[in-house]
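First comes the structure, then the notes that go with it.
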Amino acid sequence: MNGTDTVKAPPAPQFATREQQAQAGSFGMWVFIASELLFFGPLLFGYLYVRTHFPDAVAQASRHTEYVLGTVNTAILLTSSYAMALAGAAMRASRRRRAAWLLLATALLGLAFMAIKGWEWHTEFTEHLFPGVGFRPDDAKDAWTLHGMELFFLLYFALTGLHALHLTVGVAATLTIANGVRRQPESAGGPGEEAVELVGLYWHFVDLVWVFLYPLLYLVGRAGG
Amino acid sequence: MTDLFSVSPASAAASASRLDSLALCMLLLTGAVALGVLVLLVVFSVRYRAASHVDRTPSPSSNLTLEISWTVIPLLLFLVLYVWGAIDYVSLYRAPPDAMPVFVVAKQWMWKAEHRNGRREINEVHLPVGRTVRMVMTSQDVIHSFFVPAFRIKQDVLPGRYTSIAFTPDKEGVYHLFCAEFCGTDHAVMEGRVVVMKPADFAGWLAEGGHVPGMAARGHDLFRQYGCSGCHGAGSSVHAPDLTGLLGRRVHLADGRAVTADEPYVRDSILVPAKDVVAGYAPIMPSFAGQIPEEDLLAIIEYIRETGHDQSAERR
Amino acid sequence: MTSPQNDASLVDEEEHALRQQAGPMGRSYLAGAFSLRSWLTTRDHKRIAVLYGVSITLFFFLGGIAAALIRLELATPQGDLVSSDTYNKLFTAHGIIMVWLFLIPSIPSVLGNFLMPMMIGARDLAFPRLNLASWYLYLAGGAIILWALLAGGVDTGWTFYTPFSTMFSNSHVVAALLGVLVTGFSSILTGLNFIVTTHTMRAPGLGWFRLPLFVWANYATSVILVLATPVLAMTLVLVGIERLFQVGIFDPALGGDPLLFQHLFWFYSHPAVYIMVLPAMGVASEIIPCFARKPVFGYKFMAYAILGIAVIGFLVWGHHMFVSGQSVYAGMVFSLLSFMVAIPSAIKVFNWTATLYKGRITFSAPMLYALGFVGLFTVGGLTGLFLAALALDVHLSDTYFVVAHFHYIMVGGSVMAYLGGIHFWWPKVTGRMYSEAWGRLAALVIFAGFNLTFFPQYLLGYAGMPRRYHSYPPEFQTLHVLSSAGAVTLAIGYLMPLGYLAWSLWFGKRAPANPWDATGLEWQTASPPPEHNFDHPPTVVRGPYAYTPDAP
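Keeping their order, the protein sequence lines are chains A, B and C. Going left to right, the first sequence walks through residues -3 to 221 as my numbering numbers them. Going left to right, the second sequence walks through residues 330 to 645 as my numbering numbers them. Going left to right, the third sequence walks through residues 6 to 557 as my numbering numbers them.
Written as structure tokens, this is what we have:
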């Protein structure tokens, strides 16, 4: 129902108090995010390496990305983070039904992002931009530039692929918790505001990664025409 | 060679005796620390074993002076060895300009060496005593490593680039050459010999190789055969950089950088010409990647090196 | 608070009583439920520790069989026992199994899982389900690796150097990469759990500088696990991509750079060796004060040294690449930092030694292992300085000197400490005492066998014997024979605990709560502990290691 639910569940048996549980959960999510940065880190390091060694090839390759779709996707993901933040606020105000709808909206926006991303990949695949033996962009002038473009696209698919993997997990988690918020009051063991905050933290992290990937992948070589 | 119980292999180069001295100093210093710790462990274990009756009045469980002393003093001593090790290391890569180059191409699972005068060998490298040698090495396939324990030198040999190490053999003899980077099935039997001879004997050995053209001469033929002279030759109508005396020259590139032309630079220019375009020239040179085997590349580079010298002085 | 000592005549009655009663703190974690299902779905950190213990023991012996075959082959100069391809697969199997399936999980996932919550007065780790998930991931990774090894093997060495691994090896490389990747996730989850637990679940009064050094050591290890393992994961993925899709990342023939692989690989793999040795240092710091009856010397320096090792350990990876063709200046920086990283380790060795001064020392089996650890780690660490010195490394790199160095640290160090910890906490984990006589004998056999196996290898390396060689010139044979003889002794030594520890599970004396009269919260509860460790969270009023040598 839309009623306020102020009965809080007891902490899990390993914790002494709810505060300790909340603190552990939140800290755990931050540690997890730190390790995630080290997953994206080597790929971004590789990007740095490729961009400094093949500046022109990277610019040329970046112009092959679907930047309209990429921009729309960026807007979608930012909006989804807004929805997620509103969901967190709704939970703190004990408005579970509103929170559940906002969580659902977040997840749907995430799915929309994935659909558009999938379409982009499909386009790039048919344009022979997937790295490997079939890599054949229509404007590679020489072997050196071709190699640089291939490395760019390797990183493009690796970074957006890793991001999509994380987004998938995020969508699944958001849908799961939306369902729990909707159907199970907290007194019966359903998710509380801390749980939604944790999922929100993860979602914002995934969004933030995209905010970095977007200019690095889509906007090289486009400024100034 | 080594005998049954000897630890040090034969020491057959200037670098080897220096390294043995460094190793001895390191052994003395680390040995002193190890002995100190081990003796104390044993002495304390015996003296303070439960059944013994000795003075056990409580002692402080921390002592800043002690902690700092036994940290800083060993540190300073070891830093001396760090500096020594660094200096000797750098000297392996700073060959004097008159060092004799020997070219090595490694492949699974053999060593192919070639001398300036064109004499080639498989799994053997003949060298003269007392002359500083600079190995210029590359691999045709995976990473190998050129290891001669008697000289105490080792250098990984990489595909796609040249690596180099310099040393001066100082004792005649025959020494092991090992591959020291795992390279597949027959890594353990990719063994060779380094034969160090008196200079006169070495000169004789070089000349024995039959009437093969020297590397530079061969390179000159290849330079024509692969079409390099079509653009880079004297009478060419194509605007291409002049390669005379290129090796060692400072080159200004189109992107603003200035580099010193060395063997890797020339190799890259042949295989990946779009990478470092010379300032003032259009990037029209085609790539020869996959068309020129490693030995031919080395020969072409030797030819280019010799265009900067008086030809007769280099005939050996 | 110790239960009365039993003699054999009371065993059955005692056991009956234990099963029946819910004692002052509930039934032991072992007695709670006996079904296989209860074990495989447990969330109890103590049971998960036992599950890990059994699994890593199996893998240890598998890796040991590979080592035995290697040493048998090397007893003669010719390659006459196995083919060269088989030999290459054997040393690869030995490395992959011992590094990822034994050493990295050993102390953290067995002893750490069992003890960390108890040492800080908590009922479990912060995330028990993640803990169980980490064990399943470990098993899955182990199964994939085992499949790769049995289906024909991998021959790249545990280091997977490119372009051999991406373009030239005809073995199950991708499967091995996948197995290691999955196992890596197990490490990350364990590390995450330990970090959060240590930060948020300490008992009242337990400030950071009252923590046992075992907790400090596992905490620092966990930070490395969480930060370094993802880099390995990505590196392995890139290797897989190059092998499967022929994209030129590391292979020069396709425009790639083989040194890029080495930098990425060693960025993880050097901190990985500190993952393997820091927990061992933590174990030593628990055992030595107990059996010297003295607080550890220089507690704060010990704690800071642990952190120092973890931090500087991230900065020295290039010392694996001095002859690789990397820049000479990079070499000079990495060499200097490698000398620096020896300092906190030296501080720890000196402090353990000083702990013995004016102590009251008994030479139990755990103490023998711990003292052996200090001695062998000292030797191994000092030989690391040989390798840190640039010019020396040019001669010694890729020879048996390196093999000896890292085995002194990882086997003479970490495995000895692991065995010491197993013996020290055996009464706590199982509720039984093992035979001290056999324990001491095994420790001595292992110590002797270890030195006989690996000391000759320093000499072999200096003499020029390269690594990963399945046959060798005859002049190296004497030292190889000594080493192989040592390996036989070592193998016997390792089999002994398997025997007497298993025996103790059925026939060993029942253990009291605190058989060693040790400090530490884990000893304030029954042996074996009840499921929730403590009825009420203990309050800590003093620092660790409150031992006095003069006490009777």
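All residues carry an ideal CB built from backbone N, CA and C; glycine is no exception. Since the structure is predicted, the reported quantities are computational estimates derived from the model, not experimental observations.
message = Which residues in chain C have a C-beta closer than 8 Å to the C-beta of Leu39 (chain A)? List them in chain order.
response = Against the first sequence, residue 39 (chain A) aligns to sequence position 43. Going along chain C in sequence order, the residues near Leu39 (chain A) (Cβ under 8 Å) are Met239.
request  = Determine the direct distance from the alpha carbon of Pro235 (chain C) to that of Ser337 (chain B), and round the result to whole angstroms.
outcome  = Numbered from its first residue, the second sequence carries residue 337 (chain B) at position 8. Numbered from its first residue, the third sequence carries residue 235 (chain C) at position 230. Computed Cα separation, rounded: 42 Å.
ask   = Excluding sequence positions up to five away, which residues of its chain have a Cβ less than 7 Å from the Cβ of Gln26 (chain C)?
value = Sequence index remark: in the third sequence, residue 26 (chain C) carries index 21 (1-based). Per-residue confidence for Gln26 (chain C) stands at a pLDDT of 43, beneath the threshold of 50, marking its modelled position as unreliable; the derived number appears in the next sentence. So no residue of the chain qualifies.
ask   = Just checking, does the region 296 to 310 of chain C make contact with the region 258 to 272 of chain C on the three C-beta pairs under 8 Å criterion?
value = no
Residue closest to Asp427 (chain B), alpha-carbon to alpha-carbon, out of B:Ala495, B:Leu393, B:Arg385 = Start at 1 with the first residue of the second sequence, and residue 427 (chain B) comes out as number 98. Ranking B:Ala495, B:Leu393, B:Arg385 by Cα distance to Asp427 (chain B) puts B:Ala495 first.
ask   = Is it right to say His475 (chain C) is buried, meaning 16 or more other beta carbons lie within 10 angstroms of its own, or is it exposed?
value = Taking the third sequence and counting its residues from 1, the one referred to as residue 475 (chain C) is at position 470. His475 (chain C) is buried by the Cβ-count criterion.
key: Run of the alpha helix (DSSP H) containing Leu77 (chain C), from where it starts to where it stops   = The sequence position of residue 77 (chain C) within the third sequence is 72, counting from 1. It spans 50 to 78 - the alpha helix (DSSP H) in which Leu77 (chain C) sits, taken as one unbroken run.
request  = Compare the C-beta of Ala139 (chain A) against all C-beta atoms of chain B and say whether one is closer than 8 Å.
outcome  = As a first step, residue 139 (chain A) is located in the first sequence; it is residue number 143 there, counting from the start. Yes - at least one Cβ of chain B is within 8 Å of the one on Ala139 (chain A).
query = Are any of the Cβ atoms in chain C nearer than 8 Å to that of Leu34 (chain A)?
reply = Looking up residue 34 (chain A) in the first sequence gives position 38. Output row for Leu34 (chain A): interface = yes.
task = Return no unless some Cβ of chain A is closer than 8 Å to the Cβ of Ser616 (chain B).
result = Translated into the one-based positions of the second sequence, residue 616 (chain B) becomes position 287. Cβ-Cβ to chain A under 8 Å: yes for Ser616 (chain B).
Beta-carbon proximity check, Gly330 (chain C) vs Thr589 (chain B), cutoff 8 Å = If you number the third sequence from 1, residue 330 (chain C) lands on position 325. If you number the second sequence from 1, residue 589 (chain B) lands on position 260. Cβ distance not < 8 Å, so Gly330 (chain C) and Thr589 (chain B) don't count as in contact.
query = What are the boundary residues of the beta strand (DSSP E) that His428 (chain C) is part of?
reply = Taking the first residue of the third sequence as position 1, residue 428 (chain C) is located at position 423. Not the beta strand (DSSP E): His428 (chain C) falls in the alpha helix (DSSP H), residues 421 to 435.
key: Other residues of its chain near Arg634 (chain B): CB distance less than 6 Å, five sequence neighbours each side excluded   = As a working note, residue 634 (chain B) is residue 305 in the second sequence. Here the set comprises Leu576.
message = What would DSSP say about Pro498 (chain B), mapped onto helix, strand or coil?
response = Residue mapping note: residue 498 (chain B) aligns to position 169 of the second sequence, counting from 1. The answer is strand: DSSP assigns Pro498 (chain B) an E or B state.
ask   = Hey, is Thr494 (chain C)'s beta-carbon within less than 8 Å of any beta-carbon in chain B?
value = By one-based count along the third sequence, residue 494 (chain C) stands at place 489. It does not: the Cβ of Thr494 (chain C) has no partner Cβ on chain B nearer than 8 Å.
Secondary structure of Ser340 (chain B), DSSP reduced to three states = Locating residue 340 (chain B) in the second sequence gives position 11, counting from the first residue. Coil at Ser340 (chain B), not helix or strand.
task = Indicate whether at least one CB of chain A lies closer than 8 Å to the CB of Ala180 (chain C).
result = Position 175 of the third sequence, counting from 1, holds the residue named residue 180 (chain C). No, Ala180 (chain C) lies away from the interface with chain A (no Cβ there is under 8 Å from its Cβ).
query = Under the three-state reduction of DSSP, which class applies to Ile125 (chain C): helix, strand or coil?
reply = As a working note, residue 125 (chain C) is residue 120 in the third sequence. Reduced to three states, the DSSP call for Ile125 (chain C) is coil.
query = What three-state label does DSSP hand Cys295 (chain C) in the structure shown?
reply = Translated into the one-based positions of the third sequence, residue 295 (chain C) becomes position 290. DSSP places Cys295 (chain C) in helix when its eight states are reduced to three.
query = Taking Cβ positions only, does Glu146 (chain A) come closer than 8 Å to chain E?
reply = Reference to chain E is not applicable here, since the protein chains of this structure are A, B and C.
task = Buried or exposed for Arg88 (chain A), please, with buried defined as at least 16 other CB atoms from any protein chain shown within 10 angstroms of its CB.
result = If you number the first sequence from 1, residue 88 (chain A) lands on position 92. Result: exposed.
ask   = Are the C-beta atoms of Val601 (chain B) and some chain A residue less than 8 Å apart?
value = One-based indexing of the second sequence puts residue 601 (chain B) at position 272. Answer yes: the Cβ-Cβ gap between Val601 (chain B) and chain A drops below 8 Å somewhere.
query = Does Pro542 (chain C) have its Cβ less than 8 Å from a Cβ in chain B?
reply = As a first step, residue 542 (chain C) must be located in the third sequence, where it is residue number 537. Chain B, which has no Cβ nearer than 8 Å to the Cβ of Pro542 (chain C), makes this no.
inquiry  = Are the CB atoms of His428 (chain C) and Phe459 (chain C) within a distance shorter than 8 Å?
reply    = Mapped onto the third sequence, residue 459 (chain C) falls at position 454. Mapped onto the third sequence, residue 428 (chain C) falls at position 423. Cβ atoms of Phe459 (chain C) and His428 (chain C): not closer than 8 Å.
message = If the cut-off is 7 Å on Cβ atoms, which residues from the region 341 to 365 of chain C count as contacting chain B, listed in chain order?
response = Leu341, Phe344, Ile348, Ala351, Ile352, Val354, Phe355, Thr358, Leu361, Tyr362, Lys363, Gly364, Arg365
In chain order, each beta strand (DSSP E) run of at least 3 residues that lies wholly inside the region 452 to 486 of chain B = 453 to 457, 462 to 468, 473 to 477, 482 to 486
ask   = Taking just the CA atoms, how far does Val87 (chain C) sit from Ala72 (chain C)?
value = Residue mapping note: residue 72 (chain C) aligns to position 67 of the third sequence, counting from 1. Residue mapping note: residue 87 (chain C) aligns to position 82 of the third sequence, counting from 1. Those two C-alpha atoms are separated by around 13 Å.
request  = Have a look at B:Gly637, B:Phe617, B:Leu456, B:Val368 and flag the residue whose alpha-carbon is nearest the alpha-carbon of Val524 (chain B).
outcome  = The sequence position of residue 524 (chain B) within the second sequence is 195, counting from 1. It is B:Leu456.
task = Starting from the Cα of Pro554 (chain C), find the closest Cα among C:Cys295, C:Met206, C:Leu424 and give me that residue.
result = What you label residue 554 (chain C) is simply residue 549 of the third sequence in a count that begins at 1. Comparing Cα positions, the closest option is C:Cys295.
task = May I ask you to list the residues that DSSP assigns as paired with Ala435 (chain B)?
result = For the purposes of this step, residue 435 (chain B) is taken as residue 106 along the second sequence, with counting starting at 1. Looking at the DSSP assignment, Ala435 (chain B) forms a beta bridge with B:Trp440, B:Ser468.
query = Which residues, in order along the region 507 to 528 of chain B, keep a beta-carbon less than 8 Å from a beta-carbon of chain C?
reply = Phe507, Cys508, Ala509, Glu510, Phe511, Cys512, Gly513, Thr514, Asp515, His516, Ala517, Val518, Glu520
ask   = Which partner residues of Ile507 (chain B) appear in the DSSP bridge assignment?
value = For the purposes of this step, residue 507 (chain B) is taken as the residue at position 178 of the second sequence. In the sequence as presented, Ile is not what sits at residue 507 (chain B); that position holds Phe. Partner(s): B:Phe476.
request  = Count the other CB atoms, across all protein chains shown, that sit within 10 Å of the CB of Arg547 (chain C); report buried if there are 16 or more and exposed otherwise.
outcome  = Counting from one through the third sequence, the residue named residue 547 (chain C) turns up at place 542. Exposed, since its Cβ has fewer than 16 Cβ neighbours within 10 Å.
ask   = Comparing the C-beta of Asp256 (chain C) with each C-beta of chain A, is any distance below 8 Å?
value = Residue numbering aside, residue 256 (chain C) sits at position 251 when the third sequence is read from its first letter. Judged by the 8 Å Cβ criterion, Asp256 (chain C) is not in contact with chain A.
query = Looking at C-alpha atoms only, which residue of A:Asp135, A:Val202, A:Ala111 is the closest neighbour of Val68 (chain A)?
reply = As a first step, residue 68 (chain A) is located in the first sequence; it is residue number 72 there, counting from the start. Nearest C-alpha to Val68 (chain A): A:Ala111.
request  = State yes or no: is the beta carbon of Thr205 (chain C) nearer than 8 Å to at least one beta carbon in chain A?
outcome  = In the third sequence, counting from the first residue as 1, residue 205 (chain C) sits at position 200. Yes, because at least one Cβ of chain A sits closer than 8 Å to the Cβ of Thr205 (chain C).
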